[in-house]
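Enquirer: Residue 1079 in my numbering is what sits at position 70 of the sequence shown, and the numbering runs on without skipping anything.
Positions of the beta carbon are idealized from the N, C-alpha and C atoms, including for glycine.
Fair warning: this is a prediction, and the values are worked out from it, not measured in the lab.
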Amino acid sequence: MKSQELPFSGLRIQGVLMIFLNILMLFGVGYGIVITADSVTPGDTIKIVSLIGLILLFIVINIFWAGFVLIEPNEAVVMVFFGKYEGTIKENGFFWVNPFYSKKKLTLRARNLDAEPIKVNDKTGNPVMIGVVVVWRLADTYKASFHVDNSSMVDASAGAGMVVKLNEKMRAYENFVKIQCDAALRHVAGLFAYDHNGTSSSNELTLRSNGEEINQILENQMNERLAIAGIEVVEARINYLAYAPEIAAVMLRRQQADAIIAAREKIVEGAVSMVQLALKQLSEKGVIDLDDDKKATMVSNLMVVLCSEESTTPVINAGTLYQ
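1. Quick test of your reading: Asn-1248 and Val-1142, contact by CB under 8 Å. State the CB separation rounded to the nearest angstrom.
2. Write down the C-beta distance between Ala-1238 and Ala-1153 rounded to the nearest angstrom, noting that I regard them as a contact closer than 8 Å.
3. Between the stretch 1041 to 1051 and the stretch 1183 to 1194, do at least 3 Cβ pairs fall closer than 8 Å?
4. Quick one: is Asp-1204 buried, meaning 16 or more other Cβ sit within 10 Å of its Cβ, or exposed?
5. Is there contact here, the stretch 1076 to 1091 with the stretch 1111 to 1127, by at least three beta-carbon pairs under 8 Å?
6. Unbroken alpha helix (DSSP H) runs of length 4 or more, entirely within the stretch 1112 to 1200: which are they?
7. So, with DSSP's three-state summary, where would you put Glu-1222?
8. With a threshold of 8 Å, are at least 3 pairs of Cβ atoms found where one atom belongs to the stretch 1071 to 1079 and the other to the stretch 1087 to 1107?
9. Considering only DSSP beta bridges, list what Tyr-1252 is partnered with.
10. Between the Cα of Asp-1300 and the Cα atoms of Asn-1310, Lys-1294 and Leu-1288, which residue gives the shortest distance?
11. Is there contact between the stretch 1040 to 1049 and the stretch 1093 to 1109, where contact requires at least three CB pairs shorter than 8 Å?
12. By Cβ distance, which residues of its chain are closer than 8 Å to Leu-1216, with the 5 residues on each side in sequence left out?
13. Restricting to Cα atoms, I'd like to know which of Arg-1234, Asn-1206 and Phe-1104 is closest to Leu-1026.
14. Ala-1253 and Leu-1227 - do their beta-carbons sit closer together than 8 Å?
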């Protein structure tokens, strides 16, 4: 979606200079009011009109005080003139603008969202607990101000200060980000299995084994959902991943069984290699001539010794090999 944000091109004066001019005008007009009021007489129409004009000018000059705006680094002010968007000021400093502009301050600083783990179903239907950490910031002030209804969630009480209103507004954005991130997380978690036990191919992406790829997909999903609000996701990472409590014990036993099977396969593979090496060296060096029955007996004994979980106890045969 194309950005509609525009730089503010209206009248903008340095704030310190305008404060100095405002004070001078106030003293000058105030002095004029006092002098005119002292010299006015009934029926002196010119002085009466002049006095009324000076009083009105004094009121207008006081209205000028509402035009000052202070912008800190990584802050922006959206300017609205009687309902019409006039642009955004992002330059840092102290300025004076038309006091009739409505000034909506926003912060462009990065913020963290540490979402609590939620229960979702992965691709195979297994319930898993998954949590995410998101770093986000406002990137488009126009969309953030006019495409998302944040004003209804902000306490617009008359006594609320600018900082309080800004914090409440950013909390409203944070709530919007949280809801959309939960939706994106549920969607992405449902596209992949927890691990390769639930996949048909070892090359298939899984939540546990392909963290970087899953994080990138999740970040893209969040950016698509938050683009309407002018919010950019700088980084999104899964920080918690586990089976749901109701199946955690069963899945732990399955993982232990997989580990035992893998270890057994390694042990058997090594034992077969050792037996092959022993038979080959005995044959090449002519240490003993073994027939097929003797080879079978030797292989059986060696496999028992090498594959046994406990240490074996040797038995000495005092007779021949056939007794």
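Expert: From the atom records:
1. For the purposes of this step, residue 1248 is identified with residue 239 of the sequence shown, where counting begins at 1. For the purposes of this step, residue 1142 is identified with residue 133 of the sequence shown, where counting begins at 1. Indeed they touch by this definition, with Cβ atoms about 5 Å apart.
2. Numbered from its first residue, the sequence shown carries residue 1238 at position 229. Numbered from its first residue, the sequence shown carries residue 1153 at position 144. Contact flag correct, Cβ pair sits at about 6 Å.
3. When Cβ pairs closer than 8 Å are counted between the two stretches, the stretch 1041 to 1051 is seen not to touch the stretch 1183 to 1194, the count staying below three.
4. Counted from its first residue, the sequence shown places residue 1204 at position 195. Asp-1204 comes out buried.
5. These segments touch.
6. Here the runs fully enclosed are 1150 to 1155 and 1171 to 1198.
7. As a first step, residue 1222 must be located in the sequence shown, where it is residue number 213. DSSP places Glu-1222 within a helical segment (H, G or I) once states are collapsed to three.
8. Under the 8 Å Cβ criterion, the stretch 1071 to 1079 counts as touching the stretch 1087 to 1107, having at least three qualifying pairs.
9. Start at 1 with the first residue of the sequence shown, and residue 1252 comes out as number 243. Paired residue(s): Val-1137.
10. Within the sequence shown, residue 1300 is the residue found at index 291, counting from 1. When each option's Cα is compared against that of Asp-1300, the closest is Leu-1288.
11. By the Cβ rule, the stretch 1040 to 1049 does not count as touching the stretch 1093 to 1109, because fewer than three pairs are nearer than 8 Å.
12. For the purposes of this step, residue 1216 is identified with residue 207 of the sequence shown, where counting begins at 1. Counting only Cβ-Cβ distances below 8 Å, and skipping sequence neighbours, we find Asp-1131, Val-1137, Ile-1139, Ala-1198, Phe-1201, Ala-1202, Tyr-1203, Asp-1204, Ile-1223, Ile-1247 and Leu-1250.
13. Taking the sequence shown and counting its residues from 1, the one referred to as residue 1026 is at position 17. Checking every option, the nearest Cα to that of Leu-1026 belongs to Phe-1104.
14. Walking along the sequence shown from the start, residue 1227 turns up at place 218. Walking along the sequence shown from the start, residue 1253 turns up at place 244. Their beta carbons are not under 8 Å apart, which means Leu-1227 does not touch Ala-1253 by this criterion.
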